[in-house]
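K.L.:
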Amino acid sequence: MMRRFSRRRRGGGDGRLSTIVASEWLPKIVEQGIVDAASLTTWDESGVPNTVALIGRGERADGSAVLVSFSPSSATEALLGGLAAAQKAVLESEFSGQVKVVAPQWPAGARRLLGLLGRAPFELEPIASAVLSEARVVVEAEPPTPIPATSAGQLAGRVESVETRGAFMRAAVALEGLAAKHGGSVRVGSDRIELVVLARRVAEVRIESDGAVLETQIGGRQTTPLRDADLAGALDGLEGQLRRRLNDRKVREGEDGLRGRVIAQLAAGTELRSVCPWPQPGADLDDIDSVGVNEAGDPVVVAVREEFEWSALAAVLEALAPVGALLPVLFSETAPPLRLGLPRLLLVAERFAEGLEQALSALVIPYELRDVSQAAGAAIDLVARSAGEGAQPRPSRRGRRRGGRGRSGGDEARTQDAATASSDERGEPVLGPAALSEEGEAVAARSTASDDTGRSRSRGRRRRPRRGRGPGGEGADGEAALRETREARDSREGRDSREGREGQDGSGGGGRPRRRFEEVSLMDLDDGPDAPANDATEAEDAGAGSRRRPRRRGRRGSSGETRRDAGAEDSSPVGDDEAVDAVVEDDLVDADDLSEILARLPDDVPDFEGSEGGETSYEEDDDDLSRSGPPSASGRRRGAEDFSEEGRPAPRKRSAVIVHADRDSLFAAILLARDVRQLEGLWIYPQGELMTFFRSIATDLRDDTPIFVVGFSPSPARDVIQASSLYRGRLTWFDRHVWPPEDLVALRASLGADAVVGGEGMDSTLPLVLESSSRRSRFSDKLVDLATGRFTQHDFERWGRLWRWRVDEVVQKTGDIRGDVAALLAGRPSDLAKEAALLDLPPPPPEVGWVAERDFRLVHFGGHVLVVLEVDPPLDLHLCSRIARERYGATLSLARQTGEEVLVFAGDEVSGKRALDYMAIAEHLVEKLEWVDARPDADHVSRFCVRDLDRYPERFEEVIGEIAMGRSLLER
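Its first residue numbered 16, the sequence shown is counted upward by one per residue in our numbering.
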């Protein structure tokens with residue numbers, strides 16, 4: 016009995032996708048007359064799985080090839096499978112036939128996707144065939160477009176009762192708090208407010224006819240009327256269920272957890288701004304994970320999966336239109352630049368199904384695919400897999416209408432009508448005309464080709480069709496197939512036009528028939544009524560075009576097509592005098608255009624200085640990543656806009672750096688100088704001599720020299736703020752100390768908010784400088800490791816110990832220290848090691864004696880030993896932690912400077928399979944404890960700030976307890 020009524024018996028219990036059987040469907044498609052082919056054979060090498068779409072091949076009666084893509088369940092998957100198969104056929108065999116996309120029905124989402132198709136060398140025809148359905152096709156009503164509210168207050172205005180309205184606003188604020196606490200999102204719909212966490216809707220506050228209710232959809236659906244007495248208990252139960260789900264290991268390490276971590280990382284980064292996670296209301300499980308705006312102002316739609324399959328891509332593409340309608344509301348407060356329009360698509364996954372790139376390249380949507388190379392812990396590495404700017408859009412339908420421009424428009428219209436009539440007789444509506452391909456766009460293409468071949472030339476500027484991408488996005492084979500198809504069509508039209516002229520002229524005295532108004536090009540209006548209109552004049556223009564310079568600028572491939580056109584139309588010779596006149600005329604045109612071509616250099620270009628200028632050339636044995644390594648993330652985002660004026664970075668100029676006389680600030684200044692590369696000078700002063708720099712050195716600098724201040728507090732405040740205001744626009748300030756709020760506000764108002772980095776309390780200036788760096792190298796990373804106590808024993812013995820001692824000596828000086836640290840600026844570890852081998856071993860650092868003279872608290876948990884330190888201010892906190900861990904054999908350390916509120920959680924690198932994720936602990940503490948604040952971690956140091964630590968010392972013990980209980984986050 017159990018076997019009879021089991022889930023497997025009922026079907027669908029195994030979770031596997033059903034296979035589309037070719038022997039069942041292909042003969043039926045041929046028998047019903049859907050495809051004009053004698054037979055269809057399965058194409059197993061199409062790259063499209065038979066669980067997505069069935070791909071068949073055949074030949075029509077005229078011998079042309081035809082591809083069929085069929086899916087009994089999803090028209091969108093059939094369309095994507097057909098596009099991928101056709102693109103592969105174009106690359107392999109220069110396919111230029113027909114592609115029939117067949118499905119029993121085409122819902123609204125699939126029909127919207129037809130509008131995103133780009134130009135292709137093949138003809139695509141979507142067909143809805145109800146006779147292929149396994150059951151009756153029920154026509155579903157199109158739901159009305161919902162009118163979403165823009166805020167919770169606007170939605171609360173629909174509630175009549177004042178008491179219910181107040182409870183509604185309380186519940187809305189509570190959902191926003193849960194979203195902020197657990198990395199979720201709150202979205203406003205037409206009649207409800209939804210809480211989404213990890214791409215799933217977990218709760219909603221819904222307005223009903225008699226009031227409002229709170230419905231929790233996690234741990235079982237529960238509905239609670241919004242009353243003040245029951246609201247607190249319902250919200251507590253919701254948070255408990257939410258914590259239980261977030262602490263589930265399967266959820267954290269599964270696809271839901273991956274989607275949440277990727278979106279959180281994108282929202283915290285600088286690649287996208289105004290990130291809105293899971294923006295589409297009304298869905299229990301979202302298809303689109305977030306929308307944002309990139310640097311250029313284009314909207315970006317992000318979708319994350321563990322494995323991106325065909326069904327997932329189909330769902331994302333169908334959801335583009337509903338999400339696109341919400342973009343004006345989502346980005347209503349986004350600062351410019353903002354260019355609302357067709358969004359870019361960013362797909363992130365650990366694995367991608369084969370063939371997705373080929374299907375995406377046939378659409379006009381710009382896209383980028385990224386692999387998740389490391390999904391363990393909080394940080395995720397996203398590696399670019401492929402990208403494309405989308406296919407070239409098809410011409411507007413005005414050029415393809417019946418009787419429009421073009422000589423053969425009527426014939427093609429009659430052919431299309433005949434095909435439509437035959438489809439109507441079968442009871443199968445054709446949803447898309449044959450004009451979806453380039454062959455169907457012959458009306459617009461031929462009118463453009465006539466301008467190219469010289470039959471409609473004028474003395475104005477000639478226009479040429481834009482050369483778009485091939486069917487494969489960037490494939491050279493696809494562009495070759497597209498070019499050959501155009502050449503064959505142009506040559507055929509040239510022969511037809513010449514035969515028509517010979518038949519009309521007879522003896523040569525006949526005139527050309529008068530063209531209709533629709534066939535008159537705007538270029539012909541410049542000639543006037545007395546302009547010659549015979550073919551000989553046009554042939555002379557075509558012949559002269561092969562011997563003179565073309566007037567078009569910035570058009571690739573113009574010379575080749577000019578020679579081909581001249582060969583096709585060179586029926587009458589041209590005199591030498593006429594050719595000379597034509598050359599002189601074009602020379603005058605080119606002379607007029609020189610003002611556009613030869614523009615003067617901008618004023619901000621830096622002066623060139625040779626080796627005699629005294630500039631030291633800093634070279635590395637490790638290649639700079641920004642110069643010879645793989646392209647950066649910002650470069651991949653710009654894509655084809657790398658050479659545009661907007662995407663070009665501002666030229667770097669010779670900069671001046673002034674650094675405070677302490678070890679941490681000096682390391683930060685050295686890294687900043689290595690990033691700037693062109694130094695006017697590197698000066699070091701104590702805090703009391705800061706005004707010496709502004710009164711003497713700064714006044715001697717050039718007016719356009721950028722100035723960087725590292726490690727100083729604005730003291731004396733009045734004098735420093737007044738002096739620094741003279742350099743607004745070219746002065747940047749980095750500091751780790753806590754400033755008085757009035758000084759911080761005044762300096763930001765004087766220099767600009769973006770020019771002041773820090774001033775809020777830190778243990779180091781390094782992460783502040785590294786966040787603004789654009790150049791990274793392996794030696795710079797070694798310097799960061801040396802400054803933060805993560806150095807290797809090998810590097811420390813070769814050159815690290817010597818230069819750490821030298822840095823302590825340099826901070827005792829004042830003035831220009833560029834010569835003292837020139838070896839670190841050059842960054843050659845081999846030279847540093849050679850010099851260190853010739854010198855005496857420097858004395859041990861004072862941190863060794865300080866740690867040896869004291870005992871420290873040890874905390875044991877789960878096989879780990881945590882040493883707790885409170886370091887005196889003159890000493891290096893990171894080095895003391897490193898020495899204390901080595902002394903006690905501890906794996907972890909928790910340290911802070913005496914009197915400071917910033918704690919540093921660190922440990923040694925663990926060899927083997929088990930790695931420790933220190934950053935995850937800091938993120939956990941920030942999310943869990945409301946009095947713990949995050950701090951910048953660009954130097955990969957796990958640091959956080961505990962507010963009012965001296966006032967509430969018990970908070971330190973609570974932090975240690977959370978670290979011990981969060982061992983699962985630590986051991987990734």
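Note that CB positions come from ideal geometry on N, CA and C, so glycine has one too.
1. Buried or exposed for M980, going by 16 or more other Cβ atoms inside 10 Å?
2. Pick out whichever of R400, A953 and R970 has its Cα sitting closest to the Cα of V961.
3. Let's see if you can read the secondary structure: which residues bound the alpha helix (DSSP H) around K196?
4. Which class does Q912 belong to by DSSP, given the choice of helix, strand or coil?
5. Tell me the residue span of the beta strand (DSSP E) that contains D800.
6. Give the secondary structure of G96 by DSSP, where H, G and I count as helix, E and B as strand, and everything else as coil.
7. Does DSSP put E322 in a helix, a strand or coil?
8. Give the list of continuous beta strand (DSSP E) stretches no shorter than 3 residues that lie fully inside the region 676-707.
9. Quick one: using the 10 Å Cβ neighbour count with 16 as the cut-off for buried, is Q912 buried or exposed?
10. So, is L853 buried or exposed, given that buried needs 16 or more other C-beta atoms within 10 angstroms?
11. Using CA coordinates, which residue listed in R354, S711 and S792 is at the minimum distance from E310?
12. Since F85 is in the beta strand (DSSP E), which residue starts that stretch and which ends it?
13. Mark A930 as exposed unless 16 or more other C-beta atoms lie within 10 angstroms of its C-beta, in which case mark it buried.
14. In angstroms, rounded to a whole number, what distance separates the CA positions of S795 and A770?
15. Report, in whole angstroms, the separation of the C-beta atoms of V784 and A683, which I expect to be a contact under 8 Å.
16. Taking R966 as the reference, give the member of G922, A935, S108 and G914 with the closest Cα.
17. Can you tell me whether D855 is helix, strand or coil according to DSSP?
18. Would you kindly report the start and end of the unbroken beta strand (DSSP E) that includes G405?
19. Is it buried or exposed, Q827, if we count other Cβ atoms within 10 angstroms and call 16 or more buried?
20. Would you mind reading off the limits of the beta strand (DSSP E) that contains I142?
21. Classify E661 as helix, strand or coil using the three-state DSSP reduction.
22. Is it right to say Q169 is buried, meaning 16 or more other beta carbons lie within 10 angstroms of its own, or is it exposed?
23. Find out if the Cβ-Cβ distance for the pair V674, L681 is shorter than 8 Å.
24. Do D173 and I222 have their C-beta atoms within less than 8 Å of each other?
25. Are the beta-carbon atoms belonging to G370 and G62 less than 8 Å from one another?
26. Could you tell me the boundaries of the alpha helix (DSSP H) in which L785 lies?
27. Is there contact between the region 871-887 and the region 839-850, where contact requires at least three CB pairs shorter than 8 Å?
28. One question on the structure: do L694 and R833 come within less than 8 Å of each other, judged by their Cβ atoms?
29. So Q373 is in the alpha helix (DSSP H); what residue range does that whole segment cover?
30. Do P721 and K797 have their beta-carbon atoms positioned less than 8 Å apart in this structure?
31. What does the Cβ neighbour count give for T747, buried or exposed, with the cut at 16 atoms within 10 Å?
32. Looking at the unbroken alpha helix (DSSP H) that takes in Q169, where does it start and where does it end?
33. Quick check on this structure: which residue in R216, Q280, D271 and T285 has the alpha carbon closest to the alpha carbon of L253?
34. In the structure shown, what three-state DSSP assignment does P968 receive?
35. Touching or not, the region 84-103 and the region 111-126, by the rule of three or more beta carbon pairs under 8 Å?
36. For the region 831-906, list the beta strand (DSSP E) runs that are entirely contained and at least 3 residues long, ordered along the chain.
P.N.:
A quick look at the data gives this:
1. Counted from its first residue, the sequence shown places residue 980 at position 965. That one is exposed.
2. Here residue 961 refers to the residue found at position 946 of the sequence shown. Selected option, being the one with the closest Cα: R970.
3. Locating residue 196 in the sequence shown gives position 181, where the first residue counts as 1. In this chain, the alpha helix (DSSP H) harbouring K196 covers V177 to H197.
4. Residue 912 sits at position 897 when you count from the first residue of the sequence shown. Residue state, collapsed to three classes: strand.
5. Stepping through the sequence shown from its first residue, residue 800 is reached at position 785. Segment R793 to A802 is the alpha helix (DSSP H) holding D800; no beta strand (DSSP E) there.
6. Position 81 of the sequence shown, counting from 1, holds the residue named residue 96. Three-state result, G96: helix.
7. The count along the sequence shown starts at 1 and reaches residue 322 at position 307. Three-state DSSP puts E322 in a strand.
8. 694-700
9. The sequence position of residue 912 within the sequence shown is 897, counting from 1. By the neighbour-count definition (other C-beta atoms within 10 Å, threshold 16), Q912 is a buried residue.
10. In the sequence shown, residue 853 corresponds to position 838, counting from 1. With fewer than 16 Cβ atoms within 10 Å of its Cβ, L853 is classed as exposed.
11. Within the sequence shown, the letter at position 295 stands for residue 310. Residue R354 is the option with its Cα nearest to E310.
12. Here residue 85 is taken as the residue at index 70 of the sequence shown, counted from 1. Its beta strand (DSSP E) spans residues A80 to F85.
13. The count along the sequence shown starts at 1 and reaches residue 930 at position 915. Exposed is the call here.
14. Within the sequence shown, numbered from 1, the residue matching residue 795 stands at position 780. Within the sequence shown, numbered from 1, the residue matching residue 770 stands at position 755. Straight-line Cα distance between these residues: approximately 23 Å.
15. If you number the sequence shown from 1, residue 784 lands on position 769. If you number the sequence shown from 1, residue 683 lands on position 668. V784 to A683, Cβ: 4 Å. Contact.
16. For the purposes of this step, residue 966 is taken as residue 951 along the sequence shown, with counting starting at 1. Answer by Cα proximity: G914.
17. To locate residue 855, count along the sequence shown from 1; it is residue 840. Reduced to three states, the DSSP call for D855 is coil.
18. For the purposes of this step, residue 405 is taken as the residue at position 390 of the sequence shown. Per DSSP, G405 is not a residue of any beta strand (DSSP E), being assigned neither H nor E.
19. As a position in the sequence shown, residue 827 is number 812, starting the count at 1. When all chains shown are included, Q827 counts as exposed.
20. In the sequence shown, the residue the question calls residue 142 occupies position 127. Judged by DSSP secondary structure, I142 falls within the beta strand (DSSP E) whose first and last residues are E138 to A143.
21. By 1-based counting over the sequence shown, the position of residue 661 is 646. For E661, the predicted model reports a pLDDT of 38, less than 50, meaning its position is unreliable and no value from the coordinates is stated.
22. The residue given as residue 169 occupies position 154 in the sequence shown. Exposed: under 16 other Cβ atoms inside 10 Å.
23. Counting from 1 along the sequence shown, the entry for residue 674 is found at position 659. Counting from 1 along the sequence shown, the entry for residue 681 is found at position 666. The answer is yes: Cβ separation under 8 Å.
24. For the purposes of this step, residue 173 is taken as residue 158 along the sequence shown, with counting starting at 1. For the purposes of this step, residue 222 is taken as residue 207 along the sequence shown, with counting starting at 1. As written in the sequence, residue 173 is Arg, which differs from the Asp given in the question. Cβ distance < 8 Å, so R173 and I222 count as in contact.
25. In the sequence shown, the residue the question calls residue 370 occupies position 355. In the sequence shown, the residue the question calls residue 62 occupies position 47. Yes, the pair counts as a contact, with Cβ atoms nearer than the cut-off.
26. Here residue 785 corresponds to residue number 770 of the sequence shown, with the count starting at 1. Residues L781 to E786.
27. no
28. Position 679 of the sequence shown, counting from 1, holds the residue named residue 694. Position 818 of the sequence shown, counting from 1, holds the residue named residue 833. Closer than 8 Å, so yes.
29. Position 358 of the sequence shown holds residue 373. Note, Q373: alpha helix (DSSP H), L371 to S376.
30. As a working mapping, residue 797 is identified with position 782 in the sequence shown. As a working mapping, residue 721 is identified with position 706 in the sequence shown. Not closer than 8 Å, so no.
31. Start at 1 with the first residue of the sequence shown, and residue 747 comes out as number 732. Its Cβ being crowded by 16 or more others within 10 Å, T747 is buried.
32. Along the sequence shown, one-based indexing puts residue 169 at 154. From DSSP, the alpha helix (DSSP H) with Q169 extends over A167 to A171.
33. Against the sequence shown, residue 253 aligns to sequence position 238. The shortest C-alpha separation from L253 is found at R216.
34. Reading the sequence shown from its first residue, position 953 is the one you call residue 968. Coil, per DSSP.
35. Per the Cβ contact rule, the region 84-103 is in contact with the region 111-126 (3 or more Cβ pairs under 8 Å).
36. 872-876 and 879-886
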